[in-house]
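Visitor:
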Amino acid sequence: MTMNSIQDIWEEILRSLSSRLTPTAINTWFSDSVPVSLEEYRLVIRTPSEFKKKIISDRFAGTIREVLSDLFSCDFELLILVGDEEYEPEEKEGPDPFSEMAGYTFDNFIVGNSNKFAHAAAISVAENPGKNYNPLFIYGNSGLGKTHLLWAIGHAIHDRFPDKKISYLKGDDFTNEMVRAIKEGKTEEFRNRYRNVDLFLVDDIQFIAGKQSTQIEFFHTFNNIYEAGHQIVITSDRPPMEMSLLDDRLRTRFEGGLMADIAPPDLETRMAIARNKAARLGLLLPDEIIEYIASSVKANVRQLEGVIKRLTAYQDIMNDTITKAAVDRAIEDITVINDIPTPDLIIRETAKYFSLNPEDLKGSNRARETATARQIAMYLMRQLTNLSLHDIGKELGRNHTTALSSIRRIEENMRSDPGLNNVIRDITSNITTSTG
Ligand code: ADP
Ligand code: MG
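Just so you know, the sequence shown maps onto residues 23 to 458 in our numbering.
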């Protein structure tokens, strides 16, 4: 069944009703009713008289809502207009991403070893859109600057070529928009919206993987833009080959462009970012504090930024100089908000589960249970934080090779040992419900 307009949907509803009602009933109550509008959660129809409205809403509204709910998997309300009663649809305007992302420019992006390749690729694309690297596929963990770079390209192209049409799309919104377009009978508009763009920015593409109909639609959209020679930039939390449910045609397309990863920043880059963010918030921090922040917050630039914002707030409220203790408190606040546990918390909770001390895990004891607990702690750090293997190893006095093999060992054992799965689940829940 393809449904392209509200008329199609209305007919589908009548078809479903016909299995529950006699043809005479349908003819009597619905022959002169027409669909008016289908919105996110509301179907509006029009019927000629108050009497018919009353009958439809008393006797058939429930069934109509059931049919809609079967079709779209969400609840609808039915609004019935009488005669030429006017109807104003509720317009929902989303925020304008261009102004929302105003700060995400190349000027504000700190370049370091971990991101310099992605940065250079982004600059090149911004200078020669559609020419060199198409698509540009930027991938990396959360909070490392993918959306920032994506928008930096958008702003740069907009500044240089104000007439170019730029579309921004979030992977998770694509599915929703597509479903809505079908409901509103606006699939043509939906396709056209992205068909004629000069620059197509697609953020967090991983959300469309695995959703068959969305991927097909996206594939067409992608091809249209690509074949017109227009630029596409995509971000993802992982490379195409690790997106197991990605349509092969899409994977091939993505891999035909340029792939650039962003890794967690090194200490020097984190210090530069911290210094830059502080300066932009008007916060002057001594080098010692900058270094302390940068060496404490490793996983994620979003967190780093969060800590600096916190410190600004402390200073505004208390008008105090920023101490290491204040930094610790800010980090604590931030990790609670973001639900990203600190390595210390992970080690503490893992040790506690096995009735060991955190020092046992950090030390050299090779007793079987201690070794398992140590491996689990590393596995959980990999799962719950963005720390690199190097940093995970270091938290437990190991190197990154040991961290990698420990994590692999746990992953393998989890496949055959349901008991281990339960242990991991219990510790994880202790970590995430722990208040510190
Ligand atoms: P992602 O999309 O990878 O999850 P974002 O692009 O949203 O990450 O970045 C998270 C925050 O960190 C943003 O506020 C962004 O401006 C900032 N950020 C990330 N990388 C950098 C960088 N290299 N220089 C300056 N700010 C950065
Ligand atoms: Mg992002």
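Where is the CB? At the ideal position from N, CA and C, for every residue including glycine.
Please read all numbers here as calculations on a predicted model, not as lab measurements.
Going by CA-CA distance only, name the one from Ser91, Ala294, Val319 that's closest to aspartate 309.
Guide: On the sequence shown, residue 309 is found 287 positions in, with the first residue counted as 1. It is Ala294.
Visitor: Do proline 286 and asparagine 135 have their C-beta atoms within less than 8 Å of each other?
Guide: Residue mapping note: residue 286 aligns to position 264 of the sequence shown, counting from 1. Residue mapping note: residue 135 aligns to position 113 of the sequence shown, counting from 1. No.
Visitor: Output the distance between the C-alpha atoms of aspartate 54 and isoleucine 77, rounded to the nearest integer angstrom.
Guide: Residue numbering aside, residue 54 sits at position 32 when the sequence shown is read from its first letter. Residue numbering aside, residue 77 sits at position 55 when the sequence shown is read from its first letter. Distance between the alpha carbons of aspartate 54 and isoleucine 77 is about 14 Å.
Visitor: Looking at C-alpha atoms only, which residue of Asn130, Asn218, Val323 is the closest neighbour of lysine 459?
Guide: Residue 459 lies beyond the residue range present for the chain, which begins at 23 and ends at 458; the question has no answer from this structure.
Visitor: Which same chain residues end up closer than 8 Å to alanine 348 when comparing Cβ atoms and leaving out the 5 residues on each side of it in sequence?
Guide: Within the sequence shown, the letter at position 326 stands for residue 348. Contacts found: Leu333, Tyr336, Asp342.
Visitor: Are the beta-carbon atoms of proline 151 and leucine 221 separated by less than 8 Å?
Guide: Taking the sequence shown and counting its residues from 1, one reaches residue 151 at position 129. Taking the sequence shown and counting its residues from 1, one reaches residue 221 at position 199. Yes, Cβ-Cβ distance for proline 151 and leucine 221 is below 8 Å.
Visitor: For arginine 260 and alanine 231, I'd like the C-alpha separation in whole angstroms.
Guide: Along the sequence shown, read from residue 1 onward, the residue named residue 260 stands at position 238. Along the sequence shown, read from residue 1 onward, the residue named residue 231 stands at position 209. If you take the alpha carbons of arginine 260 and alanine 231, they lie about 12 Å apart.
Visitor: Between the alpha carbons of glutamine 237 and arginine 213, how many angstroms are there, rounded?
Guide: One-based indexing of the sequence shown puts residue 237 at position 215. One-based indexing of the sequence shown puts residue 213 at position 191. Glutamine 237 and arginine 213: Cα-Cα distance of roughly 13 Å.
Visitor: When you compare only the Cα positions, how much space is there between glycine 105 and isoleucine 28?
Guide: The residue given as residue 105 occupies position 83 in the sequence shown. The residue given as residue 28 occupies position 6 in the sequence shown. Each residue's alpha carbon lies about 19 Å from the other.
Visitor: In chain order, which continuous runs of the alpha helix (DSSP H) of length 4 or greater are located wholly inside the stretch 370-425?
Guide: Segments of the alpha helix (DSSP H) lying fully in the stretch 370-425: 380-384, 390-406, 411-417.
Visitor: Can you tell me whether valine 66 sits near ligand 1, meaning its C-beta is under 7 Å from at least one heavy atom of the ligand?
Guide: The residue given as residue 66 occupies position 44 in the sequence shown. No - ligand 1 has no heavy atom lying nearer than 7 Å to the Cβ of valine 66.
Visitor: Ligand 3 heavy atoms versus the CB of histidine 170: any closer than 7 Å?
Guide: Ligands displayed in this structure: ligand 1 and ligand 2; ligand 3 is not among them.
Visitor: Restricting to Cα atoms, I'd like to know which of Val445, Arg447, Ala399, Arg437 is closest to threonine 424.
Guide: Here the question's residue 424 lines up with position 402 in the sequence shown. Nearest of Val445, Arg447, Ala399, Arg437 to threonine 424, Cα basis: Ala399.
Visitor: Give the single residue among Thr50, Val89, Leu65, Leu60 whose Cα lies nearest to the Cα of leucine 73.
Guide: The residue you call residue 73 lines up with position 51 of the sequence shown. The sequence given here has phenylalanine at residue 73, not leucine. When each option's Cα is compared against that of phenylalanine 73, the closest is Thr50.
Visitor: Per DSSP, glutamate 239 is paired with what?
Guide: Counting from one through the sequence shown, the residue named residue 239 turns up at place 217. Partner(s): none; glutamate 239 has no beta bridge.
Visitor: Compare the beta carbon distance of isoleucine 449 and leucine 402 with 8 Å and say whether it is the shorter of the two.
Guide: Counted from its first residue, the sequence shown places residue 449 at position 427. Counted from its first residue, the sequence shown places residue 402 at position 380. It is a contact, given that the beta carbons lie within the stated cut-off.
Visitor: Where does glycine 116 fall in DSSP's three states?
Guide: On the sequence shown, position 94 is the one that residue 116 refers to. Reliability of the predicted coordinates at glycine 116 is poor, the pLDDT of 47 falling under 50, and the value obtained from them is presented with this limitation in mind. Reduced to three states, the DSSP call for glycine 116 is coil.
Visitor: Going by beta carbon distance, what residues of the same chain come within less than 6 Å of threonine 243, once the five residues before and after it are set aside?
Guide: As a position in the sequence shown, residue 243 is number 221, starting the count at 1. Excluding positions up to five away in sequence, the list reads Tyr216.
Visitor: Between which two residues does the alpha helix (DSSP H) holding tyrosine 126 run?
Guide: In the sequence shown, the residue the question calls residue 126 occupies position 104. Here tyrosine 126 belongs to no alpha helix (DSSP H), and DSSP marks it neither H nor E.
Visitor: DSSP state of phenylalanine 183, grouped into three classes?
Guide: On the sequence shown, position 161 is the one that residue 183 refers to. Looking at phenylalanine 183 - three-state DSSP - the assignment turns out to be coil, as it is neither helix nor strand.
Visitor: Output the residue ranges of the beta strand (DSSP E) runs that lie fully inside the stretch 25-67 and measure 3 residues or longer, sorted by chain position.
Guide: Counting whole runs of 3 or more residues, the stretch 25-67 contains the beta strand (DSSP E) stretches 56-61.
Visitor: At what residue ranges does the stretch 261-318 contain a whole run of the alpha helix (DSSP H), taking only runs of 4 or more?
Guide: Whole alpha helix (DSSP H) segments, 4+ residues: 270-277, 289-302, 309-318.
Visitor: Since isoleucine 188 and valine 224 should fall inside the 8 Å C-beta cutoff, what is the C-beta to C-beta distance between them, to a whole number of angstroms?
Guide: Position 166 of the sequence shown, counted from the start, is the residue given in the question as residue 188. Position 202 of the sequence shown, counted from the start, is the residue given in the question as residue 224. Rounded, the Cβ-Cβ distance is 12 Å, inconsistent with contact.
Visitor: Tell me whether phenylalanine 196 is buried or exposed, calling it buried when 16 or more other Cβ atoms sit within 10 Å of its Cβ.
Guide: Here residue 196 refers to the residue found at position 174 when the sequence shown is read from its first residue. With 16 or more Cβ atoms within 10 Å of its Cβ, phenylalanine 196 is classed as buried.
Visitor: Give every residue of the same chain whose Cβ lies closer than 6 Å to the Cβ of serine 282, excluding the five residues on either side of it in the sequence, and list them in chain order.
Guide: As a working note, residue 282 is residue 260 in the sequence shown. One point to set straight first is that residue 282 is alanine, not serine, in the sequence displayed. So the qualifying residues of the chain are Phe139, Ala140, Ala143, Ile160.
Visitor: Tell me where the beta strand (DSSP E) around aspartate 97 begins and ends.
Guide: In the sequence shown, residue 97 corresponds to position 75, counting from 1. Aspartate 97 -> no beta strand (DSSP E), and no H or E assigned at all.
Visitor: Please state whether DSSP places tyrosine 161 in a helix, a strand or coil.
Guide: Taking the sequence shown and counting its residues from 1, one reaches residue 161 at position 139. Residue state, collapsed to three classes: strand.
Visitor: Ligand 1 and valine 319: does any heavy atom of the ligand fall closer than 7 Å to the residue's C-beta?
Guide: Locating residue 319 in the sequence shown gives position 297, counting from the first residue. No - ligand 1 has no heavy atom lying nearer than 7 Å to the Cβ of valine 319.
Visitor: For the alpha helix (DSSP H) containing threonine 455, name the first residue and the last one.
Guide: For the purposes of this step, residue 455 is identified with residue 433 of the sequence shown, where counting begins at 1. It spans 440-455 - the alpha helix (DSSP H) in which threonine 455 sits, taken as one unbroken run.
Visitor: Indicate, with yes or no, if ligand 1 has a heavy atom lying under 7 Å from the CB of isoleucine 204.
Guide: As a working note, residue 204 is residue 182 in the sequence shown. No, Cβ of isoleucine 204 sits at least 7 Å from all heavy atoms of ligand 1.
Visitor: Which residues in the same chain have their Cβ closer than 6 Å to the Cβ of arginine 447, if we skip the five residues on either side of it in sequence?
Guide: Here residue 447 refers to the residue found at position 425 when the sequence shown is read from its first residue. Closer than 6 Å at Cβ, skipping near neighbours: no residue.
Visitor: If you drop the 5 nearest sequence neighbours on each side, which residues of the same chain put their C-beta closer than 6 Å to that of lysine 75?
Guide: The residue you call residue 75 lines up with position 53 of the sequence shown. Only Thr69, Ile102, Val104 meet the Cβ criterion.
Visitor: Should asparagine 137 and isoleucine 284 be called a contact, given that it needs their Cβ atoms to be closer than 8 Å?
Guide: As a first step, residue 137 must be located in the sequence shown, where it is residue number 115. As a first step, residue 284 must be located in the sequence shown, where it is residue number 262. Their beta carbons are under 8 Å apart, which means asparagine 137 touches isoleucine 284 by this criterion.
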